[in-house]
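If you read the sequence shown in this note's numbering, its first letter stands for residue 3, the second for the next number, and so on.
Here a beta-carbon is modelled for each residue, glycine too, at the ideal position from N, C-alpha and C.
Worksheet: one structure, shown below.
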Amino acid sequence: MNPYKILGVSRETCTDEEVKKAYRNKAKLLHPDQGGDPQEFQELKAAYELIKSKTKRDSFESGETDTIRVEALNLIGALFNELLYKSFDRYMKTSFLVEIELRLKEGLDQISKELQEIRTKSRSLNDRLGVVFLKPGKQERALFDEVIEHNLKQLGYEKKKLKSVKKVHITALRILRNFEESSDWDDVEPQALLMARDSSDFRKILYSID
Numbered sequence: 003m004n005p006y007k008i009l010g011v012s013r014e015t016c017t018d019e020e021v022k023k024a025y026r027n028k029a030k031l032l033h034p035d036q037g038g039d040p041q042e043f044q045e046l047k048a049a050y051e052l053i054k055s056k057t058k059r060d061s062f063e064s065g066e067t068d069t070i071r072v073e074a075l076n077l078i079g080a081l082f083n084e085l086l087y088k089s090f091d092r093y094m095k096t097s098f099l100v101e102i103e104l105r106l107k108e109g110l111d112q113i114s115k116e117l118q119e120i121r122t123k124s125r126s127l128n129d130r131l132g133v134v135f136l137k138p139g140k141q142e143r144a145l146f147d148e149v150i151e152h153n154l155k156q157l158g159y160e161k162k163k164l165k166s167v168k169k170v171h172i173t174a175l176r177i178l179r180n181f182e183e184s185s186d187w188d189d190v191e192p193q194a195l196l197m198a199r200d201s202s203d204f205r206k207i208l209y210s211i212d
């Protein structure tokens, strides 16, 4: 689906207001009550949901899914909860956002190291596949290759999982940096964060306002 094409707006320059206006104009024509096609109307609604705000457009362009966004929000919420309840006094004089961002970056660094280790192991195993030894017979050779292929498959699973976790961390960093304009924070757990988000005390914690 190309939501920009469906709505008839520019991918590079469209604004929230332009997207909303385009949606409303087309919805009037495509609505089933007005004789429009139900399927086309549903596609229009889906397109609008994908790019109705800058945050949504950024998510769409990065290939981010709703599941990844929810996992990223949960990760931010968990980190905030840890700081709020375990280290509240320590972070009263600093920024929670800065500390959470630091932890996310540390997580990304660790993920990158683990991915590099997997790439190194995979190269080593691939180099051994099909190698001819003087003594082992055909059965030993077949078993040896099967074990290597199994190990490569396991490394592939680990790599896929780490890449997914990496995308969650990157998404969390994006949400964090767009905090002021992001509506995604409405979904962040725990409830303590939701209750405190708009309070002056919370903003003091975030921005170290005296």
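Non-local C-beta neighbours of Leu-106 in its own chain, meaning closer than 6 Å and more than five positions away in sequence, comprise His-171, Ala-174 and Leu-175, ordered along the chain.
Check the Cα spacing between Gln-156 and each of Arg-121, Lys-169, Leu-178 and Asp-129: the tightest is with Arg-121.
By the 16-neighbour rule on beta-carbons within 10 angstroms, Ser-61 is buried. Runs of the alpha helix (DSSP H) lying entirely within the stretch 3 to 35 and spanning at least 4 residues, in chain order: 5 to 9 and 18 to 32. For Val-21, the number of other beta carbons within 10 angstroms of its own is at least 16, and it is reported as buried. Put simply, of Val-100, Glu-45 and Leu-117 the residue whose alpha carbon is nearest the alpha carbon of Leu-81 is Val-100. For the set Glu-42, Leu-75, Ile-150 and Lys-54, the Cα lying nearest the Cα of Thr-17 is the one of Lys-54. Ser-124 carries a helical assignment under DSSP once its states are collapsed to helix, strand and coil.
Here Lys-155 carries a helix assignment [DSSP, helix/strand/coil]. Between Leu-9 and Ala-74, the beta carbon gap of about 26 Å keeps them out of contact (Cβ cut-off 8 Å). Distance check between Ser-12 and each of Arg-59, Asn-27, Leu-154 and Gln-41 places Arg-59 closest, using alpha-carbon atoms only.
Between Ser-124 and Leu-164, the beta carbon gap of about 13 Å keeps them out of contact (Cβ cut-off 8 Å).
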